[in-house]
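Here is the structure we will look at.
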Amino acid sequence: GNSVTQMEGPVTLSEEAFLTINCTYTATGYPSLFWYVQYPGEGLQLLLKATKADDKGSNKGFEATYRKETTSFHLEKGSVQVSDSAVYFCALVTGGFKTIFGAGTRLFVKA
Amino acid sequence: DVKVTQSSRYLVKRTGEKVFLECVQDMDHENMFWYRQDPGLGLRLIYFSYDVKMKEKGDIPEGYSVSREKKERFSLILESASTNQTSMYLCASSRQVSTNEKLFFGSGTQLSVL
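Protein sequence lines, in the order shown, are assigned to chains U and V. The first sequence runs contiguously to residue 111 in the working numbering. The second sequence runs contiguously to residue 114 in the working numbering.
Have a look at this one:
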């Protein structure tokens, strides 16, 4: 079946460090891939997305590239800020139109 | 901006009670969803609806039912609450059925069943 696997957290970084959160997926067909972010006390909101192979999604300094050959969609940011502390969810949508989420990765950024 | 509003931020209920969680969206979206969020498990789909009075089971529908009498409102019902239903419940909506559509989420309801 379709599934998403993310690296386990929590991830703790100092401000201005480089961030990578790994995400791999299993899916039939050609899914769209998403990263959602959940700030403390809030619901999830879309961070970025990519709809076909080799597409790069980007937003607020975050980037992720849809890699079909490695079935991956890793999230990166060159220099994290304290305000980036949140839980990050990788997700996919296939022809069934249901969004399937990974377990989430909590990020703590220290000043 | 789309607003998805969940009626309660925190809710405490007793085992066996009937519980209603309400969700309203204000952007005329076709699709609405109920997820539960548990640590280490991510979000799991309970029920969803593509149209008024229409509902589909998600991955974990047992112990839950839903109602969608109006397009903007989607209610989740716990017929007889149990302690294993203690969780964060998230409502979401999307504009149309498409692989490219993003979900808009409410802030969630943290339900505790004692």
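Heads up, the beta-carbon is just placed ideally off N, CA and C, and yes, glycines get one too.
Any chain V beta carbon closer than 8 Å to residue i
i, result
"GLY57 of chain U", "no"
"SER85 of chain U", "no"
"SER72 of chain U", "no"
"GLU42 of chain U", "yes"
"PHE97 of chain U", "yes"
"GLN45 of chain U", "yes"
"THR65 of chain U", "no"
"ALA53 of chain U", "no"
"MET27 of chain U", "Reading off the sequence shown, one finds Ala at residue 27 of chain U, where the question assumed Met. Not closer than 8 Å to any Cβ of chain V, the Cβ of ALA27 of chain U fails to qualify, so no."
"ALA17 of chain U", "no"
Nearest neighbour of residue i, chosen from the options [CA to CA]
i, options, result
"MET7 of chain U", "U:SER72, U:ASP84, U:SER79", "U:SER72"
"SER82 of chain V", "V:THR5, V:SER49, V:GLU62, V:LEU103", "V:GLU62"
"LEU90 of chain V", "V:VAL97, V:ASN84, V:PHE74, V:GLU101", "V:PHE74"
"GLY95 of chain U", "V:MET27, V:SER93, V:GLU101, V:MET54", "V:GLU101"
"LYS68 of chain U", "U:SER14, U:GLY9, U:PHE101, U:CYS23", "U:CYS23"
"PHE104 of chain V", "V:GLN110, V:ARG95, V:LEU21, V:SER112", "V:ARG95"
Distance between residue j and residue i (C-alpha atoms, nearest Å)
i, j, result
"LYS110 of chain U", "VAL37 of chain U", "18 Å"
"THR26 of chain U", "LYS52 of chain U", "15 Å"
"LYS3 of chain V", "GLN25 of chain V", "6 Å"
"GLU79 of chain V", "GLY78 of chain U", "48 Å"
"HIS29 of chain V", "CYS23 of chain V", "13 Å"
"ALA92 of chain V", "LEU13 of chain U", "31 Å"
"GLU76 of chain U", "ASP54 of chain U", "15 Å"
Cβ separation of residue i and residue j, assumed to be a contact under 8 Å, to the nearest whole Å
i, j, result
"VAL11 of chain U", "THR105 of chain U", "6 Å"
*Can you give me, in chain order, the residues of the segment 27-49 of chain V that have a beta carbon less than 9 Å from any beta carbon in chain U?*
Close to chain U, meaning a Cβ-Cβ distance shorter than 9 Å, are the following residues of the segment 27-49 of chain V: ASN31, PHE33, TYR35, GLN37, PRO39, GLY40, LEU41, GLY42, LEU43, ARG44, LEU45, PHE48.
_Please list, in chain order, the residues of the segment 85-114 of chain V that have any C-beta partner in chain U closer than 9 Å._
Those would be LEU90, CYS91, ALA92, SER94, VAL97, SER98, THR99, ASN100, GLU101, LYS102, LEU103, PHE104, PHE105, GLY106, SER107, GLY108, in chain order.
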